[in-house]
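Protein chains: 2
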Amino acid sequence: MTSGRVTIADVARRAGVSTAAVSKVVRGAYGVSAEMQTKVTQAIDELGYRPHAAARALRGRTYTLGVMLSDTRNPFFPDIIEGVTGRLGDTEYQVLLGPGGIEPKTQARMTDAMIDRSMDGLILISPVMTDAELAAIAAAVPVVVVGRHGGAAAYDAVVDDDVMGARLVVDHLVGLGHTRIAHITHLERARAQGLPHMVRAEGYRQAMRAHGLADDVLATSFTEEGGFEGARELLARDDRPTAIFAGADIAALGVLRAADEAGLSVPEDLSVAGYDNIGIASLKRISLTSVDQDGHVIGATAARLLVERIEGRTRSVTSSVSPTLIVRGTTGPPRR
Amino acid sequence: MTSGRVTIADVARRAGVSTAAVSKVVRGAYGVSAEMQTKVTQAIDELGYRPHAAARALRGRTYTLGVMLSDTRNPFFPDIIEGVTGRLGDTEYQVLLGPGGIEPKTQARMTDAMIDRSMDGLILISPVMTDAELAAIAAAVPVVVVGRHGGAAAYDAVVDDDVMGARLVVDHLVGLGHTRIAHITHLERARAQGLPHMVRAEGYRQAMRAHGLADDVLATSFTEEGGFEGARELLARDDRPTAIFAGADIAALGVLRAADEAGLSVPEDLSVAGYDNIGIASLKRISLTSVDQDGHVIGATAARLLVERIEGRTRSVTSSVSPTLIVRGTTGPPRR
DNA sequence: AGAACTTTGTAGAACGTTCTCCATTGTTAG
DNA sequence: CTAACAATGGAGAACGTTCTACAAAGTTCT
Numbered sequence: 046m047t048s049g050r051v052t053i054a055d056v057a058r059r060a061g062v063s064t065a066a067v068s069k070v071v072r073g074a075y076g077v078s079a080e081m082q083t084k085v086t087q088a089i090d091e092l093g094y095r096p097h098a099a100a101r102a103l104r105g106r107t108y109t110l111g112v113m114l115s116d117t118r119n120p121f122f123p124d125i126i127e128g129v130t131g132r133l134g135d136t137e138y139q140v141l142l143g144p145g146g147i148e149p150k151t152q153a154r155m156t157d158a159m160i161d162r163s164m165d166g167l168i169l170i171s172p173v174m175t176d177a178e179l180a181a182i183a184a185a186v187p188v189v190v191v192g193r194h195g196g197a198a199a200y201d202a203v204v205d206d207d208v209m210g211a212r213l214v215v216d217h218l219v220g221l222g223h224t225r226i227a228h229i230t231h232l233e234r235a236r237a238q239g240l241p242h243m244v245r246a247e248g249y250r251q252a253m254r255a256h257g258l259a260d261d262v263l264a265t266s267f268t269e270e271g272g273f274e275g276a277r278e279l280l281a282r283d284d285r286p287t288a289i290f291a292g293a294d295i296a297a298l299g300v301l302r303a304a305d306e307a308g309l310s311v312p313e314d315l316s317v318a319g320y321d322n323i324g325i326a327s328l329k330r331i332s333l334t335s336v337d338q339d340g341h342v343i344g345a346t347a348a349r350l351l352v353e354r355i356e357g358r359t360r361s362v363t364s365s366v367s368p369t370l371i372v373r374g375t376t377g378p379p380r381r
Numbered sequence: 046m047t048s049g050r051v052t053i054a055d056v057a058r059r060a061g062v063s064t065a066a067v068s069k070v071v072r073g074a075y076g077v078s079a080e081m082q083t084k085v086t087q088a089i090d091e092l093g094y095r096p097h098a099a100a101r102a103l104r105g106r107t108y109t110l111g112v113m114l115s116d117t118r119n120p121f122f123p124d125i126i127e128g129v130t131g132r133l134g135d136t137e138y139q140v141l142l143g144p145g146g147i148e149p150k151t152q153a154r155m156t157d158a159m160i161d162r163s164m165d166g167l168i169l170i171s172p173v174m175t176d177a178e179l180a181a182i183a184a185a186v187p188v189v190v191v192g193r194h195g196g197a198a199a200y201d202a203v204v205d206d207d208v209m210g211a212r213l214v215v216d217h218l219v220g221l222g223h224t225r226i227a228h229i230t231h232l233e234r235a236r237a238q239g240l241p242h243m244v245r246a247e248g249y250r251q252a253m254r255a256h257g258l259a260d261d262v263l264a265t266s267f268t269e270e271g272g273f274e275g276a277r278e279l280l281a282r283d284d285r286p287t288a289i290f291a292g293a294d295i296a297a298l299g300v301l302r303a304a305d306e307a308g309l310s311v312p313e314d315l316s317v318a319g320y321d322n323i324g325i326a327s328l329k330r331i332s333l334t335s336v337d338q339d340g341h342v343i344g345a346t347a348a349r350l351l352v353e354r355i356e357g358r359t360r361s362v363t364s365s366v367s368p369t370l371i372v373r374g375t376t377g378p379p380r381r
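From first to last, the protein sequence lines stand for chains D and L. Heads up: the first sequence at position 80 corresponds to 125 in my numbering, and the numbers run straight through without jumps. Heads up: the second sequence at position 173 corresponds to 218 in my numbering, and the numbers run straight through without jumps.
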């Protein structure tokens with residue numbers, strides 16, 4: 046009451062016990078009588094005591110988990126966050142997000158900062174780093190990596206099953222009668238391995254092969270413009286595809302524009318499918334067939350794995366979350 | 046090198062000085078010779094020392110600023126974040142984001158958590174709280190509130206000039222020759238005051254009055270469905286409006302769908318304008334006229350004000366950021 | 001040359017927790 | 001009745017910083 050904060054000492058004084066005893070009660074540690082329990086709990090309530098996380102950090106846990114975001118514009122990152130916080134809602138862990146930026150350097154700065162703030166564990170979403178850097182971080186703090194295939198021994202990983210996602214799309218289109226199905230992917234100069242778009246492209250190839258069809262992959266970029274350019278090139282061909290599977294919804298929107306401009310109606314002349322199921326895909330005016338990643342499950346899984354690891358698991362786990370295909374108005378049978 | 050972290054004591058030992066001296070150098074405090082400076086800096090580099098934020102927190106600054114996000118899906122929140130981090134990039138402050146959720150209760154939990162982690166200052170984005178709760182937070186830590194009109198004495202505020210934004214739209218439409226211009230706003234049951242949509246609606250009324258026109262406000266909700274329903278109702282009238290100004294882009298998308306379904310072409314039969322200039326508004330297929338808030342400037346301003354306040358300013362400041370109108374394809378002269 | 005400052009470096013006490021011992025009980029066994 | 005043990009509460013040392021005093025040394029002024 047003197048200055049600012051209510052400390053454990055204030056509570057101890059009020060309850061007429063030692064600070065050590067209060068600490069035990071707060072932590073739910075062994076060796077407190079029922080009487081002590083109620084006495085202290087009451088004092089805590091009366092004074093409105095909350096443990097000071099920074100002080101805790103100096104000794105043990107800080108009950109803070111960090112989520113490093115590589116790209117705050119990533120359309121399904123809110124879902125992942127929701128999954129994480131939802132899973133953690135009834136625990137005493139708090140989640141803080143760190144905008145890491147796109148550059149490896151800024152991402153490293155952010156993870157360092159999180160370690161300096163003694164966070165108990167880190168979830169890294171689509172980190173752009175070498176495996177060595179990731180391993181170094183994982184050596185300092187429990188880590189779960191989201192969105193990178195091919196996890197390592199030092200940390201856990203949660204990925205969308207992009208191979209399956211691509212197969213769902215191809216199967217769907219083949220089922221409708223399509224045989225000339227092209228795929229637009231993203232051209233990446235980074236040396237990082239196992240990025241989602243690569244796996245999607247590979248899944249597409251596998252699925253086409255499984256149906257005995259020839260694959261046709263064009264690499265532009267995952268932007269509206271990239272989808273537009275890619276589609277324009279594909280649609281200018283003699284045996285133009287009857288369906289285009291874009292590796293990201295934003296590119297699929299560009300494909301739709303290209304179809305518009307070419308005077309092709311969707312889905313009669315051209316079927317279009319995307320990936321990510323971003324919010325506007327469901328708008329009736331767009332109604333884009335897309336693969337949904339269930340970011341909620343991904344986030345919740347990441348949170349679960351992280352807590353497990355903090356609490357002692359050392360064996361590394363990789364969890365693969367199955368996507369689902371959301372069929373909407375942009376895919377249909379090809380015109381004969 | 047023994048166990049985990051390099052501490053200030055390790056640096057002091059290496060440089061052959063006291064820990065107090067190292068602390069001075071690290072903090073750039075007064076009273077260090079050039080020789081001491083270089084000696085210590087070298088030791089720091091050699092050992093790769095980084096100050097432990099949690100330990101710092103126990104004494105003074107933690108060099109951490111918190112940004113509470115009420116809604117991670119808010120389309121321009123990435124811009125605000127970028128503005129904040131951009132402004133702070135060359136300082137030693139780190140920014141951490143706290144997903145506060147939509148509920149007052151969860152938001153309070155998050156701000157508490159941020160205070161418990163002794164953050165040096167807080168930016169609250171569109172907080173859903175009573176003024177009293179805000180004041181209580183501001184009493185504990187420097188605060189800048191973003192996106193709520195009518196700031197209080199205890200904290201700084203940064204707002205988009207929503208009155209001006211609404212006026213820009215009305216002026217534009219009137220300039221094109223429209224006289225029957227309707228506005229779709231959001232229906233809020235919350236007791237909070239000064240929320241952006243209220244100010245936009247008020248700005249719309251003022252602007253209409255200034256042109257000697259009758260206003261026409263319909264309250265549904267800022268969702269695609271809300272825009273659709275609102276537009277359907279407006280378009281069913283005898284003297285249907287020739288232009289609809291939706292208070293949010295997402296609602297404007299619903300308006301566009303309603304126009305589609307009513308067989309009205311945009312902008313010939315109906316002009317449509319939105320607010321927020323969300324990413325897809327610029328897609329050629331949508332090409333929505335909208336008001337741009339420049340989240341970048343808003344974020345940068347908030348960061349600047351917060352640092353000023355942390356460093357001692359007590360007089361309260363409210364900063365109003367001017368929006369701009371982005372004219373695209375959904376607005377045009379009315380058909381005579 | 002001494003007094004009065006200024007500059008530079010250090011000791012050591014905080015900060016608010018946790019956690020390892022210990023001391024004091026009470027209980028059970030012999 | 002005493003020895004052995006379990007249960008409970010408390011003392012006090014960490015944890016890694018900052019920061020107030022203060023001591024030592026150097027400088028300037030008379």
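C-beta atoms are modelled at their ideal positions from N, C-alpha and C, and glycine is treated no differently. Computed from a predicted structure; not experimentally measured.
For residue j and residue i, the rounded distance between their alpha carbons
| i | j | result |
| --- | --- | --- |
| D/G257 | D/R285 | 18 Å |
| D/A281 | D/E306 | 12 Å |
| L/V204 | L/F121 | 13 Å |
| L/A246 | L/V262 | 7 Å |
| D/R254 | D/L213 | 14 Å |
| D/R373 | D/S163 | 46 Å |
| D/M380 | D/D314 | The sequence shown places Arg at residue 380 of chain D, not Met. If you take the alpha carbons of D/R380 and D/D314, they lie about 6 Å apart. |
| D/E269 | L/V366 | 29 Å |
| D/A276 | D/G299 | 8 Å |
| D/L301 | D/A199 | 43 Å |
| L/V219 | D/G272 | 37 Å |
| L/T359 | L/E353 | 9 Å |
| L/Q238 | D/G324 | 29 Å |
| D/Y249 | L/M209 | 50 Å |
| L/M174 | D/H97 | 24 Å |
| D/V342 | D/I125 | 8 Å |
| L/V191 | L/T363 | 10 Å |
| D/A297 | L/A158 | 41 Å |
Proximity test, Cβ basis, 8 Å: residue i and chain D
| i | result |
| --- | --- |
| L/P312 | no |
| L/V140 | yes |
| L/T157 | Residue 157 of chain L is actually Asp in this sequence, not Thr. Closer than 8 Å: yes. |
| L/L333 | no |
| L/S364 | no |
| L/S48 | Caution is warranted here: a pLDDT of 48 is assigned to L/S48, below 50, making its placement in the model unreliable, and the coordinate value is therefore given only provisionally. Not closer than 8 Å to any Cβ of chain D, the Cβ of L/S48 fails to qualify, so no. |
| L/G192 | no |
| L/E148 | no |
| L/R118 | yes |
| L/P172 | no |
| L/G275 | no |
Chain L contact for residue i (CB, 8 Å cutoff)
| i | result |
| --- | --- |
| D/I126 | yes |
| D/E278 | no |
| D/T22 | Beyond the ends of chain D as shown, which are 46 and 381, falls residue 22 of chain D; an answer cannot be given. |
| D/K329 | yes |
| D/L4 | The requested residue 4 of chain D does not occur in the structure, where chain D is confined to residues 46 to 381. |
| D/G357 | no |
| D/T107 | yes |
Residue(s) in a DSSP beta bridge with residue i
| i | result |
| --- | --- |
| D/H231 | D/T265 |
| D/Y320 | D/V336 |
| L/A291 | L/I229 |
Any non-hydrogen atom of the ligand GTP within 7 Å of residue i CB
| i | result |
| --- | --- |
| D/M159 | As presented, the structure is devoid of all ligands, the ligand GTP included, so that no description of it is given. |
Closer than 8 Å is the cut-off here; do at least three beta carbon pairs connect the stretch 179-193 of chain L with the stretch 220-228 of chain L? Counting C-beta pairs with one atom in each stretch, the stretch 179-193 of chain L and the stretch 220-228 of chain L have fewer than three that are closer than 8 Å, which means they do not touch.
Just by C-beta distance, which residues in the stretch 90-104 of chain L are closer than 9 Å to chain D? Taking 9 Å as the Cβ-Cβ cut-off against chain D, the residues of the stretch 90-104 of chain L that qualify are R95, P96, H97, A98, A99, A100, R101, A102 and L103.
Quick check: the stretch 164-183 of chain L against the stretch 331-342 of chain L, are at least 3 beta-carbon pairs closer than 8 Å? Short answer: they don't touch.
So does the stretch 341-354 of chain L actually touch the stretch 125-134 of chain L, counting three or more Cβ pairs closer than 8 Å? Yes, since at least three Cβ pairs between the stretch 341-354 of chain L and the stretch 125-134 of chain L fall closer than 8 Å, the two stretches touch.
Under 7 Å, CB to CB, which of the residues in the stretch 236-269 of chain D have a partner in chain L? Listed by position, the residues of the stretch 236-269 of chain D near chain L (Cβ gap below 7 Å) are E269.
Near-chain D residues of the stretch 48-81 of chain L - C-beta to any C-beta below 7 Å: Of all residues in the stretch 48-81 of chain L, none has a Cβ within less than 7 Å of some Cβ in chain D.
Is the number of C-beta pairs between the stretch 107-119 of chain L and the stretch 141-154 of chain L that are closer than 8 Å three or more? Verdict: yes, contact present.
Mind the definition here: the stretch 131-140 of chain L touches the stretch 67-82 of chain D only if three or more C-beta pairs lie below 8 Å; say whether that holds. Not touching, per the Cβ criterion.
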